[in-house]
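According to our numbering, the sequence shown is numbered sequentially starting from 9.
Below: one structure, written as structure tokens.
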Amino acid sequence: MQTNLRSLMFALKARDIELYLSNEADEHFVITRLVCSKCNTDFYPDLLECYFCGEINYYLFTCTECGDFSSITGSSRVCRKCYPNKDGEKPTKKYLCTNASCVSNTNSEIKKIVISKDGVFKRGSGLNLSCTYCINCGSPRHEYKSFRVFLYDKEPFDSSNYQIYKDEHCEVEDLIILKKHENNQIKYGYEIIGKGTDAPSFDKTLDKIVVEILAYNQH
Ligand SMILES: [Zn+2]
Ligand SMILES: [Zn+2]
Ligand SMILES: [Zn+2]
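Below is the structure:
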């Protein structure tokens, strides 16, 4: 595979795009993402929601004594608000539901059970469900969106040469990312074949392209 195409793959991967190599040819790769069929928001099949109220998991610990929230990543189980000087410290942080009016927080019997299981969002506690609805619009419908991705970076940019390249390599719905140098800067543009954007404008950042191609509805 060409080095430039490989760099583009890494750049998209760094932006959380799932991609894989094509087994047809090495001048393109394929990107894919699970999105809501209705509003195109990313769909997270491994997101957990509270069994009792449907609140999603924000990956926070809640201190069972003072109610303080803290991120679960790299965070100790001891609350520094409750135990500022390490005196008699206890691990009081649990994976509780962050919705204050959830019965797992308001009903003391249920809360006792939840705490004994380390919290609603403890993996394998049986107190959470895989989220099967879009977090943006609530639709349960989701689909994989995928594109074959080509990189066109011949310089200087020449539109007739570009047309020849497209005719030779590309099909409808393929994504071509265009790249060129201008005033010591790298400029990007893109085209989805068959979408009628035949005068590439080189006026976008890679991030903008990622947002736009994921919002593009194939159907
Ligand atoms: Zn809840
Ligand atoms: Zn505390
Ligand atoms: Zn949605």
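Idealized CB from N, CA, C, for every residue including glycine.
Comparing the CB of residue i with every heavy atom of ligand 1, is any distance shorter than 7 Å?
i: Val-128; result: yes
i: Asn-65; result: no
i: Ser-112; result: yes
For residue i, which residues in the same chain have their Cβ closer than 7 Å to its Cβ, ignoring the five residues on either side in sequence?
i: Asp-34; result: Met-9
i: Cys-74; result: Cys-87, Lys-89 and Cys-90
Determine, using beta carbons only, whether residue i and residue j come nearer to each other than 8 Å.
i: Leu-137; j: Tyr-59; result: yes
i: Tyr-152; j: Leu-42; result: yes
i: Tyr-103; j: Asp-126; result: yes
i: Lys-212; j: Gly-197; result: yes
Got a sec: does ligand 3 put a non-hydrogen atom nearer than 7 Å to the Cβ of residue i?
i: Cys-178; result: no
i: Lys-153; result: no
i: Thr-49; result: yes
Only counting the same chain, and skipping five residues up and downstream in sequence, which positions put a Cβ closer than 6 Å to that of residue i?
i: His-227; result: At His-227, the pLDDT of 44 sits below 50, so the modelled position is not reliable and the matter cannot be decided from this model.
i: Asn-65; result: Leu-56 and Phe-129
i: Leu-13; result: Leu-159
i: Tyr-28; result: Val-38
For ligand 2, I want to know if residue i counts as a neighbour, meaning its beta carbon is within less than 7 Å of at least one of the ligand's heavy atoms.
i: Cys-74; result: yes
i: Thr-106; result: no
Buried or exposed: residue i, going by 16 or more other Cβ atoms within 10 Å of its Cβ?
i: Pro-164; result: exposed
i: His-189; result: exposed
For residue i, would you say it is in contact with chain B, using Cβ-to-Cβ distances shorter than 8 Å as the test?
i: Asn-144; result: In the displayed structure, chain B is absent; only one protein chain is listed.
Q | Inter-stretch contact (C-beta, 8 Å, three-pair minimum) for the region 183 to 195 and the region 155 to 165 | A | yes
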